[in-house]
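Residue numbers (this note's numbering): 561 to 656. Worksheet: the structure to be examined is printed underneath.
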Amino acid sequence: MKPIAYLLDKKKSLRNHRREVDQKSIESVFFKVLEKELPNIGRADVPYFEVKDKKTIYCKTAHPAISSEIWRKKEKIKKEINKFFGSESISDIKVK
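Below, the structure written as structure tokens:
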């Protein structure tokens, strides 16, 4: 049986360990921020979404007006995503 002090130390070390950000979590946060910034744009308006090199978001929209709106607010969206993760996880957003 392990002593309680060992288990508590292990729990503290896991709490300080930073987990790696994956594509699904970036996608989820992107659409939450997008919904907050542009409430009339939903997940159906962005049929293609991909994160390459874990730094750049590529998305293709259903209409050019939607891509223009996302492009106008891409710096604010990028800032909100990085603020959520607490690190520089996204460097650029490319919209087509």
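We put the beta carbon where it would ideally sit given N, CA and C, even for glycine.
- In the structure shown, the three-state DSSP call for LYS620 is strand.
- With fewer than 16 other beta carbons inside 10 angstroms of its own, LYS636 counts as exposed.
- Under DSSP, ASP652 shares a beta bridge with THR616.
- Counting other Cβ atoms within 10 Å of its Cβ, THR616 stays below 16 and is therefore classed as exposed.
- Inclusion of LYS654 and TYR608 in the CB contact set at 7 Å is not warranted, their separation being larger than that value.
- Bounds of the alpha helix (DSSP H) holding GLU587 are 583 to 597.
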